[in-house]
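A.B. asks: Numbering-wise (this note's numbering), the sequence shown opens with residue 9 and increments by one.
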Amino acid sequence: MSTSVPLVVRLLASSVSIAGRAGKIVRDVMSKGELGIVEKGKDDYQTEADRSAQRCIIASLAAQYPKINIIGEEDNPENEGEVCTEWLSTDADKEILSLECPPFLQGVKEEDIVVWVDPLDGTSEYTQGFLEHVTVLIGISVNEKPVAGVIHQPYYKNLVGNEKKTGRTIWGLQEVGVGGFTPAPPPSSLIITTTRSHSNPVVEKALQVMNAAQILRVGGAGYKVLQLLEGLASVYVFASPGCKKWDTCAPEAILTAAGGKLTDILGNNYKYGASVSRPNKTGVLAAVNDELHDYALNRIPQELKEKLANK
Ligand code: AMP
Ligand code: MG
Ligand code: MG
């Protein structure tokens with residue numbers, strides 16, 4: 009791979025290829041039928057697909073970018089060590105390699121980067137057969153801000169020319185744009201997307217006040233942001249501390265590159281440096297544009313905001 013291509017662009021190109029490789033692992037584990045489900049906490053599961061996909065992603069990135077700080081969701085030291093060569097992806101997506109790097113990212117060094125990896129977002133849905141909700145997330149942050157990201161959908165069915173393909177990869181790069189899908193304008197009425205498996209009374213209260221025409225309940229932060237990008241919903245509301253930095257880094261990078269906005273329920277941006285706490289304690293509020301983000305932010309009662317902030 010040419011080293012004349014700036015680091016962030018090379019890293020994004022590698023991440024696109026690696027996410028596709030990880031997506032194949034996710035499908036392979038499901039077809040074998042041995043999910044190896046482990047309960048990490050309340051309503052929080054890990055499967056063999058989460059573990060294996062993470063090993064593939066981290067080993068592939070670390071081999072090519074040894075000084076980058078890579079943080080993955082799964083904590084499975086017993087599985088670390090040698091990764092089979094079949095799982096090591098060294099490819100880089102050619103379309104991404106040809107992108108013009110925005111000036112503010114041209115001088116970035118490996119030491120300035122933190123990559124947040126969610127090897128399988130939507131594990132509950134994966135185990136319950138809602139496979140189209142499942143995504144692989146690789147988010148690239150520089151100086152604490154998400155600047156680029158990949159959302160791979162291992163089970164997306166599409167037609168490329170006459171050829172049936174399984175899986176697609178959506179990417180975004182700040183000041184450059186997004187790709188891998190056809191962006192669509194927001195729906196004409198207010199459609200909210202939210203959790204299907206991690207609700208609670210506070211989450212429901214924040215939904216009630218939105219005065220939405222429709223509420224879609226789907227799995228995964230990646231899939232919900234895809235709904236925003238594809239014009240199926242206009243706002244993502246989740247008033248709960250359950251999401252973590254690996255859930256929002258890639259989706260936030262892509263949504264922002266498409267003109268949207270992702271913050272907490274109080275309207276503050278999350279930071280993605282290596283030392284930040286993992287949970288997005290004050291929830292998630294994302295919208296396709298600033299106007300809808302402002303609308304949703306203003307609808308959430310102050311006492312609910314304070315409740316989350318003081319948890
Ligand atoms: P959801 O919108 O419920 O699919 O959640 C999006 C992401 O946040 C997924 O990776 C979930 O596993 C995670 N998440 C959300 N709420 C919780 C929770 N209460 N406990 C554990 N993980 C959660
Ligand atoms: Mg997740
Ligand atoms: Mg996950």
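Think of the CB as a built atom: it goes at the ideal place given N, C-alpha and C, for glycine as much as any other residue.
So, for Glu-82: in the same chain, excluding its five sequence neighbours on each side, which residues have a beta-carbon less than 8 Å away from its beta-carbon?
C.D. replies: Position 74 of the sequence shown, counting from 1, holds the residue named residue 82. Correct list, in chain order: Gln-54, Asp-58, Arg-59, Gln-62, Pro-127.
A.B. asks: Consult DSSP for Lys-102 and reduce its assignment to one of helix, strand or coil.
C.D. replies: To locate residue 102, count along the sequence shown from 1; it is residue 94. Lys-102 falls in the helix class under three-state DSSP.
A.B. asks: Whole-angstrom Cβ separation of Leu-107 and Leu-19, contact assumed at under 8 Å?
C.D. replies: By one-based count along the sequence shown, residue 107 stands at place 99. By one-based count along the sequence shown, residue 19 stands at place 11. In fact, because the Cβ distance is near 12 Å, the residues do not count as touching under 8 Å.
A.B. asks: Tell me the DSSP secondary structure of Ile-273 in three-state form.
C.D. replies: Translated into the one-based positions of the sequence shown, residue 273 becomes position 265. Coil.
A.B. asks: Which one or two residues does DSSP pair with Pro-287 in a beta bridge?
C.D. replies: Residue 287 sits at position 279 when you count from the first residue of the sequence shown. Checking the DSSP bridge columns, you'll see Pro-287 partnered with Lys-252.
A.B. asks: Going by CA-CA distance only, name the one from Ile-76, Glu-133, Lys-319 that's closest to Lys-117.
C.D. replies: Counting from 1 along the sequence shown, the entry for residue 117 is found at position 109. Residue Ile-76 is the option with its Cα nearest to Lys-117.
A.B. asks: Classify Ile-45: buried if its beta carbon has 16 or more other beta carbons within 10 angstroms, exposed otherwise.
C.D. replies: In the sequence shown, residue 45 corresponds to position 37, counting from 1. Flag for Ile-45 reads exposed.
A.B. asks: Tell me, which residues are paired with Trp-95 by DSSP?
C.D. replies: Position 87 of the sequence shown, counting from 1, holds the residue named residue 95. In the DSSP output, where bridge partners are listed per residue, Trp-95 has none listed.
A.B. asks: Output the distance between the C-alpha atoms of Val-17 and Ser-242, rounded to the nearest integer angstrom.
C.D. replies: For the purposes of this step, residue 17 is taken as residue 9 along the sequence shown, with counting starting at 1. For the purposes of this step, residue 242 is taken as residue 234 along the sequence shown, with counting starting at 1. Distance between the alpha carbons of Val-17 and Ser-242 is about 29 Å.
A.B. asks: Which whole runs of the beta strand (DSSP E) in the region 190–242 are 3 residues long or more, in chain order?
C.D. replies: 199–202, 222–225
A.B. asks: Can you give the beta carbon distance from Asp-51 to Ser-205, rounded, assuming they're within the 8 Å contact cut?
C.D. replies: Taking the first residue of the sequence shown as position 1, residue 51 is located at position 43. Taking the first residue of the sequence shown as position 1, residue 205 is located at position 197. Right, the Cβ-Cβ distance comes to about 7 Å (below 8 Å), so this counts as a contact.
A.B. asks: Can you tell which of Ile-33, Ser-22, Ser-149 has its C-alpha closest to the C-alpha of Val-284?
C.D. replies: Position 276 of the sequence shown, counting from 1, holds the residue named residue 284. Closest in C-alpha terms to Val-284, from the list Ile-33, Ser-22, Ser-149, comes Ser-149.
A.B. asks: Could you have a look at Leu-43 and say whether DSSP puts it in helix, strand or coil?
C.D. replies: As a first step, residue 43 is located in the sequence shown; it is residue number 35 there, counting from the start. Three-state DSSP puts Leu-43 in coil, outside helix and strand.
A.B. asks: With a cut-off of 8 Å on the beta carbons, I'd call Cys-251 and Val-292 a contact; round off their distance for me.
C.D. replies: The count along the sequence shown starts at 1 and reaches residue 251 at position 243. The count along the sequence shown starts at 1 and reaches residue 292 at position 284. 5 Å between Cβ atoms; contact.
A.B. asks: Looking at ligand 3, does it come within less than 7 Å of Asp-51, judged from the CB to the closest heavy atom?
C.D. replies: Residue numbering aside, residue 51 sits at position 43 when the sequence shown is read from its first letter. No - ligand 3 has no heavy atom lying nearer than 7 Å to the Cβ of Asp-51.
A.B. asks: Quick check on this structure: which residue in Asn-277, Ala-261, Val-144, Leu-300 has the alpha carbon closest to the alpha carbon of Asn-219?
C.D. replies: Residue mapping note: residue 219 aligns to position 211 of the sequence shown, counting from 1. Considering only alpha carbons, the answer is Leu-300.
A.B. asks: Among Tyr-73, Gly-281, Glu-311, Leu-198, which has the Cα closest to the Cα of Tyr-244?
C.D. replies: For the purposes of this step, residue 244 is taken as residue 236 along the sequence shown, with counting starting at 1. The option with the nearest alpha carbon to Tyr-244 is Leu-198.
A.B. asks: Going residue by residue through the region 108–194, where are the continuous beta strand (DSSP E) segments of at least 3 residues, counting only ones entirely within it?
C.D. replies: Qualifying beta strand (DSSP E) stretches, in chain order: 121–129, 143–150, 153–168, 171–181, 185–187.
A.B. asks: For Ile-78, list the residues DSSP reports as bridge partners.
C.D. replies: For this step, residue 78 is matched to residue 70 along the sequence shown. In the DSSP output, where bridge partners are listed per residue, Ile-78 has Val-123.
A.B. asks: Go ahead and pull the three-state DSSP assignment for Gly-28.
C.D. replies: Translated into the one-based positions of the sequence shown, residue 28 becomes position 20. Three-state result, Gly-28: helix.
A.B. asks: Do you know how far the Cα of Gln-235 is from the Cα of Gly-137?
C.D. replies: Taking the sequence shown and counting its residues from 1, one reaches residue 137 at position 129. Taking the sequence shown and counting its residues from 1, one reaches residue 235 at position 227. Whole-angstrom Cα-Cα distance: 19 Å.
A.B. asks: Could one say the Cβ of Leu-107 lies closer than 8 Å to chain C's Cβ atoms, at least one of them?
C.D. replies: Here there is only one protein chain, and chain C is not present.
A.B. asks: Measuring alpha carbon to alpha carbon, tell me which residue in Glu-42, Pro-14, Leu-96, Val-91 is nearest Ala-27.
C.D. replies: If you number the sequence shown from 1, residue 27 lands on position 19. Nearest to Ala-27 by alpha-carbon distance, out of Glu-42, Pro-14, Leu-96, Val-91, is Leu-96.
A.B. asks: Hey, would you say the C-beta of Ser-205 is under 7 Å away from at least one heavy atom of ligand 1?
C.D. replies: Here residue 205 refers to the residue found at position 197 of the sequence shown. Yes, ligand 1 has a heavy atom inside 7 Å of this Cβ.
A.B. asks: Among Leu-145, Glu-103, Gly-31, which residue has its Cα nearest to the Cα of Pro-154?
C.D. replies: For the purposes of this step, residue 154 is taken as residue 146 along the sequence shown, with counting starting at 1. Nearest C-alpha to Pro-154: Leu-145.
A.B. asks: How is the alpha helix (DSSP H) around Ala-57 delimited, first residue to last?
C.D. replies: Mapped onto the sequence shown, residue 57 falls at position 49. Residues 56–72.
A.B. asks: In chain order, what residues place their C-beta within less than 5 Å of a heavy atom belonging to ligand 2?
C.D. replies: Residues whose Cβ lies closer than 5 Å to any heavy atom of ligand 2, listed in chain order: Asp-126, Asp-129, Asp-255.
A.B. asks: Using alpha carbons as the reference points, say which of Gly-275, Lys-289, Pro-309, Pro-287 lies closest to Ala-295.
C.D. replies: Taking the first residue of the sequence shown as 1, we reach residue 295 at position 287. The shortest Cα separation from Ala-295 among Gly-275, Lys-289, Pro-309, Pro-287 belongs to Gly-275.
A.B. asks: Once the 5 residues before and after Pro-259 are set aside, which same chain residues still bring their CB inside 6 Å of it?
C.D. replies: Taking the sequence shown and counting its residues from 1, the one referred to as residue 259 is at position 251. Within the same chain, Pro-259 has close Cβ partners Ala-229, Gly-230, Val-233.
A.B. asks: Report the residue from Ile-262, Thr-271, Arg-29 whose alpha carbon sits nearest the alpha carbon of Cys-92.
C.D. replies: Residue 92 sits at position 84 when you count from the first residue of the sequence shown. If we check each option's Cα against that of Cys-92, Arg-29 comes out closest.
A.B. asks: For Val-211, I'd like the list of residues in its chain whose CB is within less than 6 Å of its CB, leaving aside the five on either flank, ordered along the chain.
C.D. replies: As a working mapping, residue 211 is identified with position 203 in the sequence shown. Once the five neighbours on either side are set aside, the close Cβ partners of Val-211 are Ala-247, Ser-248.
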